[in-house]
Each structure stands twice: as structure tokens, then as C-alpha cells.
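Engineer: Heads up, the final residue of the sequence shown is numbered 470 in this note's numbering, and it's a clean run with no missing numbers.
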Amino acid sequence: MHTVKCFECGADVEDEFADACPRCGGILTIEMDLDAASGMRPADLRKKPIGVWRYAPFLPVDERNAISLLEGGTPLYHCKALGKKAGVKSLHVKYEGANPTGSFKDRGMTVGVSRALELGCKTVGCASTGNTSASLAAYAAKGDLKCVVLLPNGKVAAGKLAQAMFYGAKVVMVDGNFDDALNVVKTLSREGELYLLNSINPYRPEGQKTVAFEIVDQLDFDVPDRVILPVGNAANIWAVYKAFKEWKALGWVDKVPKLTGIQAAGSAPIVRAFQAGKRDFVPEEHPETVATAIRIGNPASGKKALQAIYDTNGYAESVTDEEIVAAQKLLGRTEGVGVEPASAASVAGLLKLVDTGVISKDERVVCICTGNVLKDPDTVMRSCEEILKAKPTAEDVKRVIAK
Ligand code: F0G
Numbered sequence: 068m069h070t071v072k073c074f075e076c077g078a079d080v081e082d083e084f085a086d087a088c089p090r091c092g093g094i095l096t097i098e099m100d101l102d103a104a105s106g107m108r109p110a111d112l113r114k115k116p117i118g119v120w121r122y123a124p125f126l127p128v129d130e131r132n133a134i135s136l137l138e139g140g141t142p143l144y145h146c147k148a149l150g151k152k153a154g155v156k157s158l159h160v161k162y163e164g165a166n167p168t169g170s171f172k173d174r175g176m177t178v179g180v181s182r183a184l185e186l187g188c189k190t191v192g193c194a195s196t197g198n199t200s201a202s203l204a205a206y207a208a209k210g211d212l213k214c215v216v217l218l219p220n221g222k223v224a225a226g227k228l229a230q231a232m233f234y235g236a237k238v239v240m241v242d243g244n245f246d247d248a249l250n251v252v253k254t255l256s257r258e259g260e261l262y263l264l265n266s267i268n269p270y271r272p273e274g275q276k277t278v279a280f281e282i283v284d285q286l287d288f289d290v291p292d293r294v295i296l297p298v299g300n301a302a303n304i305w306a307v308y309k310a311f312k313e314w315k316a317l318g319w320v321d322k323v324p325k326l327t328g329i330q331a332a333g334s335a336p337i338v339r340a341f342q343a344g345k346r347d348f349v350p351e352e353h354p355e356t357v358a359t360a361i362r363i364g365n366p367a368s369g370k371k372a373l374q375a376i377y378d379t380n381g382y383a384e385s386v387t388d389e390e391i392v393a394a395q396k397l398l399g400r401t402e403g404v405g406v407e408p409a410s411a412a413s414v415a416g417l418l419k420l421v422d423t424g425v426i427s428k429d430e431r432v433v434c435i436c437t438g439n440v441l442k443d444p445d446t447v448m449r450s451c452e453e454i455l456k457a458k459p460t461a462e463d464v465k466r467v468i469a470k
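#1: Out of T177, D287 and F233, point me to the one whose CA is closest to P272's CA.
#2: How would you write the range of the alpha helix (DSSP H) that T401 sits in, first residue to last?
#3: For A194, which of helix, strand or coil comes out of DSSP?
#4: To the nearest angstrom, how far is it from the Cα of S256 to the Cα of R346?
#5: So the alpha helix (DSSP H) P408 belongs to, where does it begin and stop?
#6: Let me know the secondary structure DSSP gives M232 once reduced to three states.
#7: A183 and L212 look like a contact to me (Cβ under 8 angstroms); what is the Cβ gap, rounded to whole Å?
#8: Which whole-angstrom value is the C-beta distance of A412 and V386, which I expect to be below 8 angstroms?
#9: State the Cα-Cα distance for the pair L471 and C214, rounded to the nearest angstrom.
#10: If you drop the 5 nearest sequence neighbours on each side, which residues of the same chain put their C-beta closer than 7 angstroms to that of A248?
#11: For S413, is the beta carbon positioned less than 6 angstroms from some heavy atom of the ligand ATP?
#12: Would you say the beta carbon of G169 comes nearer than 6 angstroms to a heavy atom of the ligand F0G?
#13: Since I believe C436 is in contact with G140 (beta carbons under 8 angstroms), could you give me their beta-carbon distance rounded to a whole number of angstroms?
#14: Can you tell me where the beta strand (DSSP E) holding M240 begins and where it ends?
#15: Figure out for me which residue from P291, G175 and S181 has the closest Cα to the Cα of T199.
#16: Residues in its own chain within less than 6 angstroms of D246 by CB, not counting five upstream and five downstream?
#17: Distance, Cα to Cα, L455 vs R121?
#18: Suppose contacts are defined by Cβ-Cβ distances below 7 angstroms. Is V208 in contact with G235 by that definition?
#19: Go ahead and label I468 buried or exposed: buried means 16 or more other beta carbons lie within 10 angstroms of its beta carbon, across all protein chains shown.
#20: Give the straight-line distance between the Cα atoms of W319 and E260, rounded to the nearest whole angstrom.
#21: Please state whether DSSP places R174 in a helix, a strand or coil.
#22: Tell me D79's beta-bridge partners as DSSP assigns them.
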């Protein structure tokens with residue numbers, strides 16, 4: 068059982084298709100009834116394989132209706148070498164690139180698309196910087212739903228665009244950025260054209276909570292001191308927060324890690340709000356960054372993100388495009404873990420915050436790396452060494468590799 072509520076005014080929201088509070092316009096959230104789980108022990112969950120649906124008692128959709136591609140269950144890498152370079156007691160990377168469509172979005176989408184089917188919807192849609200559209204297109208295919216995705220023209224990485232097209236979505240490039248596309252898709256949803264599956268749909272973050280459940284599960288309930296993740300539209304940090312709060316309420320964990328959100332310097336409204344000690348933010352009108360996944364100026368869940376950060380004694384920091392690309396390479400070349408630029412922001416943030424003394428050397432840190440390196444091959448090719456060319460002889464190959 069669960070209730071949809073307004074995050075801002077607390078009102079119960081009955082309209083199953085609302086994308087905001089009918090009373091105050093605030094962002095929605097879900098209050099889970101944890102009674103079903105209260106008689107359980109954490110170990111009971113382990114009867115099922117690791118993955119999103121292991122945590123069904125914490126999800127607001129009947130598992131029997133699940134449209135699933137076996138999402139979640141991603142590796143939690145113990146990155147000893149990188150942890151040493153960063154200068155922290157321990158570092159784990161939660162590798163969300165191993166999800167079915169290569170990003171963490173699949174966790175929310177299995178729940179969101181299952182919900183769409185429960186409601187009898189025929190068409191689903193979203194605005195996206197790329198990953199949400201790739202994920203929605205795949206789950207819509209699996210659920211036999213029509214799918215429409217609105218993308219910021221020219222600003223979506225090649226892998227993500229190819230995926231949305233491949234799974235059969237109607238792909239619409241909008242002249243404008245993500246924030247503009249989200250406004251349009253909200254109007255389409257209100258006109259009944261489609262069921263909206265952006266993360267302002269409160270069912271999405273419920274699925275995304277499972278990344279935090281898995282981290283705790285994989286660490287055998289030894290909760291890390293800090294979790295660092297990239298922030299774009301700002302729902303994922305909220306989802307992680309909500310997960311920890313729910314398990315803390317049940318007494319399954321004894322603390323909530325310091326949640327630390329990282330934005331790109333060119334689109335950092337949450338960081339600026341945090342620096343000013345504010346609980347609301349001023350949108351960035353012209354967001355720009357190489358990390359196109361988080362090129363978002365008006366994060367829809369920004370207020371939720373700020374609560375997650377303040378309430379856990381966490382932090383918000385921005386990193387430059389150069390720092391992002393350097394961290395992406397460092398993670399790949401130290402640990403063999405390939406992530407897209409937005410995901411590398413978490414690692415870039417770790418390095419910066421250890422440097423500035425915000426993160427202390429005795430902390431046990433988890434970085435959530437949200438998407439696969441293959442999502443954005445162009446950025447990778449630009450940042451790597453030139454490809455060598457040789458004649459088809461061993462001698463010539465020896466000549467070029469010796470350089
Ligand atoms: N990392 C990646 C790889 C993303 O694709 C996104 C968001 C984020 C981090 C930020 O997560 O929005 O919950 O703060 N991508 C969305 C999309 C906006 O359309 O794919 P957030």
C-alpha cells in the first residue's frame with residue numbers, strides 16, 4: 068500500500084495522472100506503507116536474486132504486474148587503487164552502466180512502465196537528455212506500449228539516441244533544451260496524449276531507491292559514510308535518500324550516509340543554492356556541459372535534492388568539464404570501469420572534495436556511476452590519444468607503437 072502526496076504542502080493526491088499537486092503545484096512523492104516489511108528481516112529479501120524486484124515490499128506496484136528486463140543487480144566494485152589515489156579509507160563504485168539499457172534509469176522505468184499498464188495506458192512519453200528515453204523505449208517495447216520521446220536537438224549522445232530509435236519510439240527533436248522539452252511533454256500529458264514517465268512521476272524514484280538498497284545489501288549492511296552521485300533533474304539523489312530513510316525507519320540501517328550531489332559547473336543551480344544555504348534554487352537559463360545527461364538548468368526535483376543533502380549533512384559541489392573528462396579516464400584506466408561523462412562527475416567530485424578537505428581521509432565512500440561509457444562514444448574519442456596507423460607488417464606496427 069502507498070499514498071501519493073505533495074512533497075511541498077503534504078496534501079494527498081487522488082488524481083492518478085497528476086504530474087504536480089493540484090492544490091499548490093508542488094512536486095509529488097510517494098509515502099510507502101512499510102507495515103508489510105516491518106515483520107521481515109533483511110535476510111528474508113535474499114531468497115530472491117539481487118535486482119530491483121528483490122525489494123518488492125518497498126515498491127508501489129504489484130510485482131505480478133512487473134514489466135521487467137531483469138534490471139538492477141549491478142556490480143559494486145571495490146576500487147582499491149582509485150581509492151588510494153583519491154586518499155579515502157575505502158572506495159566502491161556502483162556500476163549502473165551494467166543495467167539492461169546501460170543506465171540507472173531502468174530501475175525507475177520497470178516500476179513506471181508497470182504502473183502505466185496498471186492504469187491501462189496505451190502511450191507513454193518523456194522528455195530526456197538521452198538515458199530516460201533509451202530506457203523508456205525499451206520498457207515500452209516490452210510492455211507493448213506506444214512511446215514518444217522529446218529530446219533537446221543536437222545535444223543527445225549518439226548511443227542513447229540510437230537506442231531510442233532502435234526500440235521503436237517516436238523520436239522528436241525539440242528546438243530547445245531539456246527544460247523546454249519537459250514543459251512540452253507535461254502539456255501533452257495533461258491533454259491526455261500520453262502517460263508521463265519523467266522522474267516527476269513519483270513512481271519512477273521509487274524504483275530508483277533500489278540502487279541504495281543494493282549498495283547496503285552488497286556491503287552486508289555496513290552502511291558507507293558517504294554516497295556521491297551526479298545531479299541533473301535531481302530525482303536520483305532524492306530516491307537514494309528515501310531508500311535510506313525507509314530502511315532506517317525499520318531499523319535495518321543505523322545511519323544515513325552523507326549524500327553528496329555533483330553538478331557540472333555550467334549547469335549547477337543546486338550547488339549555488341547549497342552554497343547560499345537555500346532550500347530552493349534559481350534556475351540556470353543556459354545550461355552547458357560536456358556531460359549532456361545532466362545539462363539541465365531547472366531541475367524538477369531540485370527542492371527534494373536539497374532536502375536530501377541538508378538532512379544527511381551531505382554536500383553539493385560542481386566540477387568543470389575538464390575535471391569530468393579527466394575523472395572518466397582515470398576510472399577507466401585505473402579500475403577498468405567505463406562510465407559516461409555525467410557519471411564520472413561523481414568521481415571528479417570525490418577527488419575535488421578530498422582536495423578541499425570536505426571529505427576526510429577516514430571516510431568509506433560509494434560513488435554511483437549512473438551510465439555506461441558506450442552511451443557517448445564521441446566524447447571518449449575526443450579525449451583519447453590518436454589512433455595509430457600502420458602498414459600490414461609486424462615491422463611497421465613495431466615502428467608506430469614504439470613512438
Ligand atoms: N547520470 C546520468 C547518466 C543521467 O542520464 C542522469 C539524468 C543523471 C545522472 C542525473 O540524474 O536527473 O535524477 O538527477 N538523465 C535524465 C535523462 C535527465 O533524461 O536521461 P537525476
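Backbone N, C-alpha and C fix where the C-beta goes; we use that ideal spot for every residue, glycine too.
Values in this document were obtained by computation on a predicted structure and should not be read as measured data.
Structural biologist: In short:
#1: Position 205 of the sequence shown holds residue 272. Checked all of T177, D287 and F233; the closest Cα to P272 is T177.
#2: Translated into positions along the sequence shown, residue 401 becomes position 334. That run of the alpha helix (DSSP H) goes D388 to E402.
#3: Taking the sequence shown and counting its residues from 1, one reaches residue 194 at position 127. It is a strand residue.
#4: Sequence index remark: in the sequence shown, residue 256 carries index 189 (1-based). Sequence index remark: in the sequence shown, residue 346 carries index 279 (1-based). Each residue's CA atom was taken as its position, placing S256 and R346 some 28 angstroms apart.
#5: For the purposes of this step, residue 408 is identified with residue 341 of the sequence shown, where counting begins at 1. P408 -> alpha helix (DSSP H) spans P408 to D422.
#6: Within the sequence shown, the letter at position 165 stands for residue 232. If DSSP states are grouped into helix, strand and coil, M232 belongs with the helices.
#7: Residue 183 sits at position 116 when you count from the first residue of the sequence shown. Residue 212 sits at position 145 when you count from the first residue of the sequence shown. The beta carbons of A183 and L212 sit about 6 angstroms from each other, so the pair counts as a contact at 8 angstroms.
#8: Counting from one through the sequence shown, the residue named residue 412 turns up at place 345. Counting from one through the sequence shown, the residue named residue 386 turns up at place 319. Taking the Cβ atoms as the reference, A412 lies roughly 6 angstroms from V386, within the contact range of under 8 angstroms.
#9: Residue 471 lies beyond the residue range present for the chain, which begins at 68 and ends at 470; the question has no answer from this structure.
#10: Within the sequence shown, numbered from 1, the residue matching residue 248 stands at position 181. Within the same chain, A248 has close Cβ partners A194, L217, L218, P219 and V241.
#11: Within the structure as shown, the ligand ATP is missing, the only ligands being the ligand F0G.
#12: Position 102 of the sequence shown, counted from the start, is the residue given in the question as residue 169. Look at G169: its beta carbon is at least 6 angstroms from all of the heavy atoms in the ligand F0G.
#13: As a working note, residue 140 is residue 73 in the sequence shown. As a working note, residue 436 is residue 369 in the sequence shown. Contact flag wrong, Cβ pair sits at about 15 angstroms.
#14: Taking the first residue of the sequence shown as 1, we reach residue 240 at position 173. Segment K237 to V241, the beta strand (DSSP E) holding M240.
#15: Looking up residue 199 in the sequence shown gives position 132. Sorting P291, G175 and S181 by C-alpha distance to the C-alpha of T199 places G175 at the top.
#16: The residue labelled residue 246 in the question sits at position 179 within the sequence shown. G364 and N365, listed in sequence order.
#17: Stepping through the sequence shown from its first residue, residue 455 is reached at position 388. Stepping through the sequence shown from its first residue, residue 121 is reached at position 54. When rounded, the distance between both Cα atoms is 47 angstroms.
#18: Locating residue 208 in the sequence shown gives position 141, counting from the first residue. Locating residue 235 in the sequence shown gives position 168, counting from the first residue. In the sequence under discussion, the amino acid at residue 208 is Ala, which differs from the Val named in the question. Closer than 7 angstroms, so yes.
#19: Residue 468 sits at position 401 when you count from the first residue of the sequence shown. Counting the other Cβ atoms within 10 Å of the Cβ of I468 gives fewer than 16, which makes it exposed.
#20: Indexing the sequence shown from 1 puts residue 319 at position 252. Indexing the sequence shown from 1 puts residue 260 at position 193. Approximately 42 angstroms, taken between the alpha carbons.
#21: Here the question's residue 174 lines up with position 107 in the sequence shown. It is helical.
#22: In the sequence shown, counting from the first residue as 1, residue 79 sits at position 12. D79 is bridged to K72.
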